[in-house]
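Since the structure comes first, as C-alpha cells, the remarks are kept for the end.
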Amino acid sequence: MAATVSSKLLSLLGTFDGRHRRQTLSGIARRCGLPISTTHRLLAELTEWGAVRRLDSGEYVIGRRIWRLGLLAAGEVELSRVAEPFLHDIHAATRAVVHLAVREGTEVLYLDRVSGHASVPIVSSTGSRLPLHSTGVGKVLLAHAPAEIQEEVLTHGLTRITAFTVTEPGRMRAQLHRIRRDGYAQTFEEMTLGACSVAVPIEVEGHVVAALGIVVPDLRNVRARLVAALQVAARGIARMLEPSFHPPEAGLG
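Encoded structure:
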C-alpha cells in the first residue's frame, strides 16, 4: 500500500531525535527514504505550520509548535515537574550527571538531565532516545517492561555499542533478573567509554513509571552510596506522584 501524505509527514518528523536535532534537507530525505523533491515540499508545509524551522545555515530544527504540543503530554510533564528538585538534590550531593527517563517502545526516553562531571562523556540529552540494553536507566525500564518488549530487545535489539556492551541474550536475561531482585541496575562503559551508571526504578502504586540514574567515571567504592541516594529520591518522587498520577504511555507495550 502506498504511503499516505500524513504517514510521510510523520516519517519526516520522526527523523528528528536527540542525535539529529539539526538536519539538512538531504539528510532528512535519506533518513525517511523520500525523494529530495518530496522532502523539500513536505518541509515547506511543516515550516509554514510551525512544526519545523529552517535556520540560516539551511538546516532544519523542530519548531515551537511541536514543542507546545509536547507540553500537553500531562503525565511526563507532571513527572518531570515533581522529579526536578530531587534531581538537583542528588546532583548537589554527588556532583554527578543525573537522569530521569521513561521507556518509549524499545528505547529509553530522557525526560530530564542535570549535568555533572565535565570529564564524563555523555551522549544523552533531554528529549533524546537511547537503547534500553546499554544504559542504566534503560536496563531498569527493560527489567520491568512487558514480556513481549523484553523478548523483542533480547532477540533483535542487543546491538554492540562499545566493547563492553552486553550482547548475549542469556547474560542480559540474567542481568534483568538481578535488577528486579536487587532493585537497581548498573553499567560499565556499555554506552560510552569512560562512563559508568547506576539506576533505580520509580514505582507508583505497584507500577514502574520511570527510572532515576546517575552517570560517573567509576562506580568502585561509591555504588552503594549512589544507590541509596537514588532510592531515597525515587521513593520521594513516588510519594508526591501518588495518588493522582497517570503515567505516560510507554508505547509498543
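For the sequence shown, position 191 matches number 176 in the numbering used here, and the numbering has no gaps at all. Backbone N, C-alpha and C define an ideal beta-carbon position, used for all residues, glycine too.
### Query
Are there three or more Cβ pairs, one per stretch, closer than 8 Å when the segment 142 to 152 is compared with the segment 167 to 180?
yes
### Query
Thinking just about the alpha-carbon of each residue, which of Glu33, Leu115, Val193 is nearest to the one in Leu94?
Leu115
### Query
Whose C-alpha, out of Thr111, Ala14, Val207, Ala209, is nearest the C-alpha of Trp52?
Thr111
### Query
Which one or two residues does DSSP pair with Gln171 in a beta bridge?
Val183
### Task
Assign Arg76 to one of three DSSP states: helix, strand, or coil.
A small fix is needed here, since residue 76 is His in this sequence, not Arg. The answer is helix: DSSP assigns His76 an H, G or I state.
### Query
Taking the C-alpha atoms as reference points, what is the distance between Glu153 and Arg38?
42 Å
### Minimum C-alpha distance to Arg165 - residue among Ile187, Cys181, Ser182
Ile187
### Query
What's the gap between the Cα of Gly18 and the Cα of Leu85?
32 Å
### Query
Do you know how far the Cα of Leu139 is from the Cα of Ile222?
30 Å
### Alpha-carbon to alpha-carbon, Glu63 and Ser(-8)
30 Å
### Straight-line gap, Leu161 to Leu10 (C-alpha atoms, nearest Å)
41 Å
### Message
Within 10 Å of its beta-carbon, does Glu92 have 16 or more other beta-carbons around it, so buried, or fewer, so exposed?
### Response
buried
### For Val200, the three-state DSSP class (helix, strand or coil)
strand
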